[in-house]
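Take the sequence shown: its position 177, counting from 1, is numbered 177 in full-length UniProt numbering, and each next residue is one higher. Notes to accompany the following structure.
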Amino acid sequence: MTYDLLMLMFDDPHAEEVERYLTSKQIKVVREHTVKKAIQCIRYNSYHFVLLDQRLEGADFLMDIVYQGYYGIYTYLIAAGEFRHAEERAAVLRSGADVCICAPVSPDELYEQISAVTRRQHRQMRHSLAGPSSLPILKFTNLSIDPIRNAVMSSGREIHCTPKEFDVLYLLATYAGHICSAQYIYENVWKAPFIHSGTSIPDCISALRRRLGSNSGYIETVYGRGYRFIDFLEERRR
């Protein structure tokens, strides 16, 4: 799976160094220099990670947008700043950051932070497919997905899915707000090389949408990139 990072930092040679390093590690980096432009990016695109320089004007506003999940944004927020005291880091974490990293940002440390998160996500997914007993029930506005019972419920009604359909739905919902490529879905659910996938993924997605009926909007096709699970009913309320 390719990971996308929105980097919001001052325009300086050090930021360019960080971008080059992450790109060399197969992380797709989009760099912006103002909070206004960053908000436009996250409204219309999906990012697994956001690196936010706390020294930028409006940084607190962007952090609140990500923390509250506005625009259906679900991302891992890395706050960079000159944290001289533990109290400063604690305050930023309370405001919505997932982790703090000291500026100037070490490219290697940042990459290892990202790697640690992705390793954890992969472990969770392996547990999902090996045994669901420790996995959470995922709840959305009009939908709940129970991995223990392999049950999908909507307004008190059970939606019957095949095992593969359920696994695909749970995978997408686990990464709600993020794009999962067809290759990533196939290799994690079917456990086979993507070259053998044929039409398995689009067929499965079509079947899921039919079963979800009026809730089919939960699964969004991002043309040329893959599929994304979004809580479309919650977004309509905003």
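Ideal Cβ placement from N, Cα and C applies to all residues, glycine included.
task: Assign Tyr111 to one of three DSSP states: helix, strand, or coil.
output: helix
message: Helix, strand or coil, according to DSSP, for Thr162 in the structure here?
response: Taken through DSSP and simplified to helix, strand or coil, Thr162 comes out as coil.
query: Can you tell me whether DSSP reads Leu52 as helix, strand or coil?
result: strand
- prompt: In the structure shown, what three-state DSSP assignment does Arg149 receive?
  reply: In the displayed model, Arg149 falls within coil according to three-state DSSP, outside both helix and strand.
message: Counting beta carbon pairs with one atom in the region 13 to 26 and one in the region 35 to 48, are three or more of them shorter than 8 angstroms?
response: no
task: Compute the distance between the beta-carbons of Asn215 and Leu143, then report whether it is under 7 angstroms.
output: yes
Beta strand (DSSP E) segment containing Ala80, residue limits: Counting along the chain, the beta strand (DSSP E) containing Ala80 begins and ends at Tyr76 to Gly81.
query: Can you give the beta carbon distance from Ala205 to Tyr227, rounded, assuming they're within the 8 angstroms contact cut?
result: Looking at the sequence shown, residue 205 is not Ala but Ile. The C-beta separation of Ile205 from Tyr227 comes to about 6 angstroms, placing the pair in contact by the 8 angstroms criterion.
Euclidean distance between Cα positions of Gln183 and Leu62: In a straight line, the C-alpha of Gln183 is about 32 angstroms away from that of Leu62.
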